[in-house]
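Colleague:
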Amino acid sequence: MRLALRSVLSLLFAGLAWAAPLAAQAPAENLILVTLDGLRWQDVFRGMDSRFAHKDHGGVKDLFALDREFRRETSEEARAALMPFLWNVIAKQGQIFGDPEKGSRATIANQHKFSYPGYSELLCGFADPRIDSNDKVVNPNRTVLEHLHARPEFRGRIAVFSGWDVHPYMVAEDRSGLFVQAAWELPTVASSPERLAWLRASYQQLPRYWPSFCFDALTFPAAKEYLLARKPKVLYLALGETDEWGHGRRYDLYLQMMHRTDAMLRELWETAQSLEQYHGKTALLITVDHGRGRTEKDWTDHGAKVEGAEEVWMAVMGPNVPSLGVREQVETKLAQVAATAAQLVGVDYATLEPRAALPLPGAVR
Ligand SMILES: [Zn+2]
2 MRLALRSVLS
12 LLFAGLAWAA
22 PLAAQAPAEN
32 LILVTLDGLR
42 WQDVFRGMDS
52 RFAHKDHGGV
62 KDLFALDREF
72 RRETSEEARA
82 ALMPFLWNVI
92 AKQGQIFGDP
102 EKGSRATIAN
112 QHKFSYPGYS
122 ELLCGFADPR
132 IDSNDKVVNP
142 NRTVLEHLHA
152 RPEFRGRIAV
162 FSGWDVHPYM
172 VAEDRSGLFV
182 QAAWELPTVA
192 SSPERLAWLR
202 ASYQQLPRYW
212 PSFCFDALTF
222 PAAKEYLLAR
232 KPKVLYLALG
242 ETDEWGHGRR
252 YDLYLQMMHR
262 TDAMLRELWE
272 TAQSLEQYHG
282 KTALLITVDH
292 GRGRTEKDWT
302 DHGAKVEGAE
312 EVWMAVMGPN
322 VPSLGVREQV
332 ETKLAQVAAT
342 AAQLVGVDYA
352 TLEPRAALPL
362 PGAVR
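Sequential numbering of the sequence shown, starting at 2, is according to this note's numbering.
(1) By a C-beta neighbour count over all protein chains shown, 10 Å radius and 16 as the cutoff for buried, is P22 buried or exposed?
(2) With hydrogens ignored, establish whether the beta-carbon of S275 is closer than 7 angstroms to any heavy atom of ligand 1.
(3) So, are the CB atoms of A340 and P355 less than 8 angstroms apart?
(4) Give the DSSP-derived three-state secondary structure of N31 in the structure shown.
(5) In the DSSP assignment, the beta strand (DSSP E) including F352 goes from what residue to what residue?
(6) Would a C-beta distance cut-off of 8 angstroms place K232 and Q278 closer than the cut-off?
(7) Taking Cβ positions, are F214 and A358 nearer each other than 8 angstroms?
(8) Tell me the residue span of the alpha helix (DSSP H) that contains A305.
(9) What ranges does the beta strand (DSSP E) occupy inside the segment 31–75, keeping only unbroken runs of at least 3 residues that lie completely in it?
(10) Looking at the secondary structure, which residues open and close the beta strand (DSSP E) in which Y237 lies?
(11) On the criterion of 16 or more Cβ atoms from any shown chain inside 10 Å, does N89 qualify as buried, or is it exposed?
(12) With contact counted as at least three CB pairs below 8 angstroms, one residue from each stretch, are the segment 154–163 and the segment 232–245 in contact?
(13) When the Cα of N140 is compared with those of E122, D244, A173, A110, which residue comes out closest?
(14) Considering only residues of the same chain and omitting the five flanking positions on each side of A24, which have a CB-CB separation below 6 angstroms?
(15) Are there 16 or more other CB atoms within 10 angstroms of the CB of T283, so buried, or fewer, so exposed?
(16) Ligand 1 and S116: does any heavy atom of the ligand fall closer than 7 angstroms to the residue's C-beta?
(17) Please classify T189: does DSSP put it in a helix, a strand, or coil?
(18) With H, G and I counted as helix, E and B as strand and the rest as coil, what does DSSP make of Q182?
(19) Do R295 and E308 have their beta-carbon atoms positioned less than 8 angstroms apart in this structure?
(20) Could you give the distance in angstroms between the alpha-carbon of D349 and the alpha-carbon of E30?
(21) Residues bridged to F162 by DSSP?
(22) Using the Cα positions of G59 and R251, report the straight-line distance between them to the nearest angstrom.
(23) Count the other CB atoms, across all protein chains shown, that sit within 10 Å of the CB of G164; report buried if there are 16 or more and exposed otherwise.
(24) Which stretch, first to last residue, makes up the beta strand (DSSP E) that contains V145?
(25) Based on Cα-Cα distance, which residue from S116, W42, W270 lies nearest to F86?
(26) Would you say K93 and E329 are within 8 angstroms of each other, going by their C-beta atoms?
(27) Could you check if T301 is buried or exposed, using at least 16 other CB atoms within 10 Å of its CB as the buried criterion?
(28) Round the Cβ separation of V35 and L266 to the nearest angstrom and send it over; I've been treating them as touching at under 8 angstroms.
(29) In this structure, does DSSP put G247 in helix, strand or coil?
(30) Would you kindly work out how many angstroms separate the C-alpha atoms of A223 and P323, rounded to a whole number?
(31) When the Cα atoms are used, what is the spatial distance from K56 to E297?
(32) Kindly indicate which three-state DSSP category A364 falls into: helix, strand or coil?
(33) Indicate, with yes or no, if ligand 1 has a heavy atom lying under 7 angstroms from the CB of D244.
(34) If you reduce the DSSP assignment to three classes, tell me which class A24 lands in.
(35) Let me check one thing: in DSSP terms, what residues is F214 bridge-paired to?
Structure below.
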């Protein structure tokens, strides 16, 4: 009798274990959306490009140190040396889109290949020809963040942290009512008065190297402190030093920030996983606003005339994301990010924004 019951139970459990992966997965309850301004897919998928690891082409100050840090035998080793969290965690537990060598080219739908049109496309879900400059003009279209914010479960629980002072316009801060902190604006929220004082002092003490853009080393802790203190359901973190050092023709600093950004993402992810609200219930979606050139001359640049700057990439991980790794034979558009973000938290974006592109295929269960 005892034995019989046991075998019935084990059969039952075997059945459950088999059925579990097929069952519809509950959506994530929280979303962390991250954009890394102008970070090339080539560096992400292949690791350091030795053509730019050069004094003239890349403005590299210490070639020996750069080689030691990021040069490896194979592209798999090189990319993992640059972005260990992306390749050892996200690529294993989630998915990465945008490797043309695997038949998975990802491109922008807009014609401009610069920031505001790219951010608007990925946040709204479509390219709008009216968005044709980086001017501080309030976005006429609602972003996925604004749409989600209109729903009671997300009201007051979405925050935007960006290094760039144009982001408040792109997400229509005033109209949308989103919490937005951008560029050199002093933080107002932290997990303790001491942390807030430290954070504000850092903003005030560092040099304003770029007047309209602040260091990722400030934007990141400001966002992390907000996550700890307010526990938003949707956190959008826009980092951008990769673009700044690219324009500055400093391939060494560009790679350094790529590497540090990866560590920031790991820290943010692990911090979230340590909190009850986020543990096992949070999705992470990462992308870029545009690519950059392919050659020694123009890797630094992007814009309508720069060939290759239309190429982008996306990475996604979460409780409702199948572990498919590098996606093969699937061409995608940056515009698909908005609907994917909504789908990750269980919202059908097509009902909110009929102009939007469909979610990334197979990204969300
Ligand atoms: Zn740029």
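The C-beta atom is built at its ideal place from N, Cα and C for all residues, glycine as well.
Modeller: Based on what the coordinates show:
(1) Confidence is the limiting factor: at P22 the pLDDT is only 48, short of 50, which leaves the residue's position unreliable, though a coordinate-based value still follows. It is exposed - the Cβ of P22 has fewer than 16 other Cβ atoms within 10 Å.
(2) Flag unset: Cβ of S275 not near ligand 1.
(3) Annotated as distal: A340 and P355, with beta-carbon spacing of 8 angstroms or more.
(4) DSSP places N31 in strand when its eight states are reduced to three.
(5) A small fix is needed here, since residue 352 is Thr in this sequence, not Phe. No beta strand (DSSP E) holds T352; the alpha helix (DSSP H) holding it covers 350–353.
(6) Contact check for K232 against Q278 passes: the beta carbons are separated by less than 8 angstroms.
(7) A distance of 8 angstroms or more separates the beta carbons of F214 and A358.
(8) In this chain, A305 is not harboured by any alpha helix (DSSP H), its DSSP state being neither H nor E.
(9) Secondary structure within the segment 31–75: the beta strand (DSSP E) runs of 3 or more consecutive residues, fully enclosed, are 31–37 (chain order).
(10) 235–240 is the extent of the beta strand (DSSP E) around Y237.
(11) Under a 10 Å Cβ-count criterion, N89 is classified as exposed, with fewer than 16 other Cβ atoms of the shown protein chains found around its own Cβ.
(12) Cβ pair count under 8 angstroms is three or more, so yes.
(13) Selected option, being the one with the closest Cα: A173.
(14) Below a pLDDT of 50, predicted positions are generally treated as unreliable, and A24, at 49, falls in that range; no measurement from the model is reported.
(15) T283 counts as buried, since no fewer than 16 other beta carbons sit within 10 angstroms of its beta carbon.
(16) Yes; taking the cut-off as 7 angstroms, the Cβ of S116 has a heavy atom of ligand 1 nearer than that.
(17) Annotated three-state conformation of T189 is coil, per DSSP.
(18) The answer is strand: DSSP assigns Q182 an E or B state.
(19) The answer is yes: Cβ separation under 8 angstroms.
(20) Roughly 14 angstroms separates the two Cα atoms.
(21) Paired residue(s): Q182, L238.
(22) Rounded to whole angstroms, G59 to R251 spans 5 angstroms at the Cα level.
(23) It counts as buried.
(24) Boundaries around V145 are those of the alpha helix (DSSP H), 145–150, since no beta strand (DSSP E) includes it.
(25) The option with the nearest alpha carbon to F86 is W270.
(26) No, they are not a contact pair.
(27) Its Cβ being crowded by 16 or more others within 10 Å, T301 is buried.
(28) That belief holds up - the Cβ atoms of V35 and L266 are roughly 6 angstroms apart, short of 8 angstroms.
(29) Three-state DSSP puts G247 in a helix.
(30) Straight-line Cα distance between these residues: approximately 31 angstroms.
(31) In this structure, the CA atom of K56 is about 11 angstroms from the CA atom of E297.
(32) Correct three-state label for A364: coil.
(33) At a cut-off of 7 angstroms, the beta-carbon of D244 counts as near ligand 1: some heavy atom of the ligand is closer than that.
(34) Only weak support is given to the placement of A24: the predicted model assigns it a pLDDT of 49, under 50, and the value that follows is read from those uncertain coordinates. In the structure shown, A24 sits in coil (DSSP, three-state: anything other than H, G, I, E or B).
(35) According to DSSP, F214 bridges with W165, W211.
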